[in-house]
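Note sheet for the following structure.
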Amino acid sequence: MSFDNAYESLIDQEDAHWAFGTGFTESLAGVDRAVPATADRADLFAYCLMLGDDALVLSQRLAEWCSRAPELEEDVALANIALDLLGQARLLLTRAGEVEGRGRDEDALAYLRDEREFRNVHLAEIECGPLAGGDFATTMARLLVFSSWKIAQYQRLRAFVDPVVAAIADKGLKELAYHRDHAAQWVVRLGDGTDESHARMVAGVRRVWPYVDELFTADPVEQRLDVDPAAFRSEVDDVLAAVFAAAGLERPDPVPAARVNGRAGRAGVHTEAMGYLLAEMQHLHRSLPGAKW
Amino acid sequence: MSSSWPLWEVFVRGKRGLNHVHVGSLHAPDAEMALRNARDVYTRRNEGVSIWVVPAEAITASSPDEKDPFFAPSGDKVYRHPTFYAIPEDVPHL
Amino acid sequence: MDLEAEFERTVAAEHRVEPRDWMPDGYRKTLVRQIAQHAHSEIIGMQPEGNWISRAPSLRRKAILLAKVQDEAGHGLYLYAATETLGADRGLLTENLISGRQKYSSIFNYPTLSYADVGTIGWLVDGAAICNQVPLCRTSYGPYARAMIRICKEESFHQRQGYELLMTMMSGTDAQRAMVQESVDRFWWPSLMMFGPPDAESANTEQSMKWRIKRNTNDELRQKFVDMTVPQAEKLGVTLPDPLLKWNPERGHHDFGQPDWDEFWQVVGGNGPANAQRVAHRRKAHEDGEWVRAAAAAHAAKRTRTKESAA
Numbered sequence: 001m002s003f004d005n006a007y008e009s010l011i012d013q014e015d016a017h018w019a020f021g022t023g024f025t026e027s028l029a030g031v032d033r034a035v036p037a038t039a040d041r042a043d044l045f046a047y048c049l050m051l052g053d054d055a056l057v058l059s060q061r062l063a064e065w066c067s068r069a070p071e072l073e074e075d076v077a078l079a080n081i082a083l084d085l086l087g088q089a090r091l092l093l094t095r096a097g098e099v100e101g102r103g104r105d106e107d108a109l110a111y112l113r114d115e116r117e118f119r120n121v122h123l124a125e126i127e128c129g130p131l132a133g134g135d136f137a138t139t140m141a142r143l144l145v146f147s148s149w150k151i152a153q154y155q156r157l158r159a160f161v162d163p164v165v166a167a168i169a170d171k172g173l174k175e176l177a178y179h180r181d182h183a184a185q186w187v188v189r190l191g192d193g194t195d196e197s198h199a200r201m202v203a204g205v206r207r208v209w210p211y212v213d214e215l216f217t218a219d220p221v222e223q224r225l226d227v228d229p230a231a232f233r234s235e236v237d238d239v240l241a242a243v244f245a246a247a248g249l250e251r252p253d254p255v256p257a258a259r260v261n262g263r264a265g266r267a268g269v270h271t272e273a274m275g276y277l278l279a280e281m282q283h284l285h286r287s288l289p290g291a292k293w
Numbered sequence: 001m002s003s004s005w006p007l008w009e010v011f012v013r014g015k016r017g018l019n020h021v022h023v024g025s026l027h028a029p030d031a032e033m034a035l036r037n038a039r040d041v042y043t044r045r046n047e048g049v050s051i052w053v054v055p056a057e058a059i060t061a062s063s064p065d066e067k068d069p070f071f072a073p074s075g076d077k078v079y080r081h082p083t084f085y086a087i088p089e090d091v092p093h094l
Numbered sequence: 001m002d003l004e005a006e007f008e009r010t011v012a013a014e015h016r017v018e019p020r021d022w023m024p025d026g027y028r029k030t031l032v033r034q035i036a037q038h039a040h041s042e043i044i045g046m047q048p049e050g051n052w053i054s055r056a057p058s059l060r061r062k063a064i065l066l067a068k069v070q071d072e073a074g075h076g077l078y079l080y081a082a083t084e085t086l087g088a089d090r091g092l093l094t095e096n097l098i099s100g101r102q103k104y105s106s107i108f109n110y111p112t113l114s115y116a117d118v119g120t121i122g123w124l125v126d127g128a129a130i131c132n133q134v135p136l137c138r139t140s141y142g143p144y145a146r147a148m149i150r151i152c153k154e155e156s157f158h159q160r161q162g163y164e165l166l167m168t169m170m171s172g173t174d175a176q177r178a179m180v181q182e183s184v185d186r187f188w189w190p191s192l193m194m195f196g197p198p199d200a201e202s203a204n205t206e207q208s209m210k211w212r213i214k215r216n217t218n219d220e221l222r223q224k225f226v227d228m229t230v231p232q233a234e235k236l237g238v239t240l241p242d243p244l245l246k247w248n249p250e251r252g253h254h255d256f257g258q259p260d261w262d263e264f265w266q267v268v269g270g271n272g273p274a275n276a277q278r279v280a281h282r283r284k285a286h287e288d289g290e291w292v293r294a295a296a297a298a299h300a301a302k303r304t305r306t307k308e309s310a311a
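Just so you know, the protein sequences line up as chains Y, F and R, in that order.
Here this note's numbering is used: the first residue of the first sequence is 1, the next is one more, and so on.
Here this note's numbering is used: the first residue of the second sequence is 1, the next is one more, and so on.
Here this note's numbering is used: the first residue of the third sequence is 1, the next is one more, and so on.
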């Protein structure tokens, strides 16, 4: 009897749950968007790009799973996570454009910057499956490390000098907690499940491990803004250790990938995979200048 | 034959003041994943609703028609009948 | 009491048939086939649009498209759930799909070749699907009807976003307008084919109408779609590629030409432009996922054993 009514109630409150609405400024309603005078504009711009690019590039990677997940339910879950990160990226890049003050919007920043201007960490850009470079276990290993790191970072950013970034971080934390939980559950399942899944999980962790050190290496911009990620390394280590223990996995020895003349993703020096990722992401936008989408 | 996960029935409270109602089913390896999948599939990104998941096998149901000969041998499990007939070869049409 | 007569009465009175009710074997089989084909269509339908997620030309369009393709997975799941109330097994239905034994909507065997196709699929393909599906919200089988209510609501968002994308593109550059027209030219006839062959050649219609599994004939729905779409095309500023298309005041409907039914049967028969690719993609995802599904099942079994031995 009440079936259809109850169903209606699920459906009718709904515009918000459609990405279609995309009224994302509303989610930060009431936050003062004036650029704080106490922060260096160029540094703040660069830092917004770092945060925005991390989210955008990982979202692009996760969306590659769409129609390729191990089960249909997981397809929906991975798309949700990719959508959350894309939403964060849009807020952060929009904020970057405001801080820069040269009229660039989220799309100008996402589509018209060259590879050297992207400031995401390598962990976000490397291939971890479903295409070459990994599998579902590698994808979950990356997601676990990335979201554990991001949570620690965003927790501190709630008190950041820019109230807009602080509000974005506060909103993003709930999403990231869900991502980390999802990844942690899978790491435990796969670590414990079968011999094959255990071997794949071990290989997945090994694949992403060389990129962990970069997450905790401060860029000069981060040092000047007093957001040095080294400060929360042990906190993240503890989270990962707990998950690995439950999964029956050993943490690999820390063998960080060497940098290029001391530089890595934060300084715009990327892995070879990044050029292909951007070529695919940007080509349509760039090939029709002046188009309206 | 591929591994498939057990079936779970999903009940959702759309908003406060309403009962949980059955909205459908899904497959998941365990209760935790069933809950997460239920959130993602049946309430999509809509937070704040309450979800129950129940293994389909755990549901005992009355029959609307006690003379129900078709299902009599398969017991009272409503949703999880074994596949007792082959899917017919296709008619090219849709 | 005669079970069959009781069933006939229920259906004729527009009451819903529910999972544990007695039902004729043919009704059950026809329903499973129809719902499974519909579910397969949603799942295969993720591919042509998913093809453009990585290349979406703005972040807003990327979010919209990803959410839309995600919805299609959700729709597939609602429908597979409905088949399971009839005793079908999703694993077996998936096997039927990836072995090519069961079909899905032929429209998804056409390639998506430009971003305008994302809009055209929303407008024409989802529009045609809505014409087909709205009557199914009143179909005789309860779980199917309830799934369709929800799907139709979400599909109307999809159609709107498609039309809105095309409107935006038509207000853009000449290159964009040309891209939209080219896309409409490619998808118009396949969209008309979505309603199936002409009634005279359609094998299943009569019995399905009686069972209230199907509520309108193919030709009725096709006419309705054309009548609905023509004014939308005018408003959009695109030409529908049919020289015979014109308003017939006597009938109160548009006259229109026939799709190339030979091409239709070719595509249905497995030789469409993308049939092999679509099925291979789905098969690969399913097979690549096998070790994950097996691992999760093994982990759950181990935990159950641990709990039992602890108790």
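All C-beta atoms, glycine included, are put in the ideal place defined by N, C-alpha and C.
Within-7 Å CB hit, residue i to chain Y
i, result
"F/VAL10", "no"
"R/THR10", "no"
"F/VAL41", "yes"
"R/TRP123", "no"
"R/LEU66", "yes"
Separation of residue j from residue i, as counted between CA atoms
i, j, result
"R/ARG215", "R/ASN271", "30 Å"
"Y/HIS285", "R/SER58", "7 Å"
"R/LEU236", "R/MET167", "6 Å"
"R/GLU18", "R/LEU93", "21 Å"
"Y/GLU196", "Y/VAL205", "14 Å"
"R/LEU124", "R/GLU84", "30 Å"
"R/PRO249", "R/MET228", "15 Å"
"F/TYR85", "R/LEU31", "Because the pLDDT at F/TYR85 is just 26, under 50, the model does not fix this residue reliably, and the value given afterwards should be weighed accordingly. Answer to the nearest angstrom: the Cα atoms are 13 Å apart."
"R/ILE130", "R/VAL184", "18 Å"
"R/ARG90", "R/ASP21", "21 Å"
"Y/ALA199", "Y/ARG116", "36 Å"
"Y/ARG158", "Y/ASP237", "21 Å"
Coarse secondary structure for residue i, derived from DSSP in three states
i, result
"F/GLY14", "coil"
"R/GLU234", "helix"
"R/ASP303", "Note on residue identity: the sequence assigns Arg, not Asp, to residue 303 of chain R. Three-state result, R/ARG303: helix."
"Y/PRO210", "helix"
"R/VAL134", "helix"
"R/TRP291", "helix"
"R/LYS246", "strand"
"F/ILE51", "strand"
"F/LEU7", "strand"
"Y/ARG263", "strand"
"R/VAL17", "strand"
"R/GLU141", "A small fix is needed here, since residue 141 of chain R is Tyr in this sequence, not Glu. Here R/TYR141 sits in strand by DSSP."
Contact list for residue i against chain R, beta-carbon separation under 7 Å
i, result
"F/ARG36", "Those within 7 Å of F/ARG36 in chain R number zero; the least Cβ separation is about 12 Å."
"Y/GLN60", "SER54"
"Y/ALA82", "LEU66"
Proximity test, Cβ basis, 7 Å: residue i and chain R
i, result
"F/PRO55", "no"
"F/GLY24", "yes"
"Y/ALA279", "no"
"Y/PHE118", "no"
"Y/TRP65", "no"
"Y/LEU49", "no"
"Y/HIS285", "yes"
Neighbour flag for residue i against chain F, beta carbons, 7 Å
i, result
"R/LEU77", "yes"
"R/GLY91", "yes"
"Y/GLU73", "yes"
Contacts that residue i makes with chain Y (C-beta to C-beta distance below 7 Å)
i, result
"F/ALA28", "GLU73"
"R/SER105", "What R/SER105 touches in chain Y: nothing, since even the nearest Cβ is about 16 Å away."
Listed by chain order, chain Y residues near residue i by CB distance under 8 Å
i, result
"R/GLN37", "Simply none; closest approach about 16 Å."
Cross-chain neighbours of residue i in chain F, by beta carbon under 9 Å
i, result
"Y/VAL76", "ASN37, ASP40, VAL41, ARG44"
Partner residues on chain R for residue i, Cβ-Cβ distance less than 9 Å
i, result
"Y/ASP192", "ALA295, ALA298, HIS299, LYS302, ARG303"
"F/TRP52", "None at all; the shortest Cβ gap to chain R is about 16 Å."
heavy atom of the ligand MG below 6 Å from residue i C-beta
i, result
"Y/GLU222", "This structure does not include the ligand MG; it has no bound ligands of any sort."
Where residue i meets chain B, residues with beta-carbon distance less than 7 Å
i, result
"Y/HIS182", "Chain labels in this structure do not include chain B; the protein chains are Y, F and R."
Interface partners of residue i on chain Y, CB under 9 Å
i, result
"R/HIS281", "SER67, ARG68"
Taking the runs of the alpha helix (DSSP H) that are 4 residues or longer, which of them lie wholly in the region 88 to 123 of chain Y? Fully enclosed alpha helix (DSSP H) runs of 4 or longer: 106 to 111.
What runs of the alpha helix (DSSP H), each 4 residues or longer, lie entirely inside the region 150 to 215 of chain R? 174 to 193, 205 to 210
Mind pulling the alpha helix (DSSP H) runs of 4 or more residues that sit fully within the region 21 to 45 of chain F? Runs found: 31 to 42.
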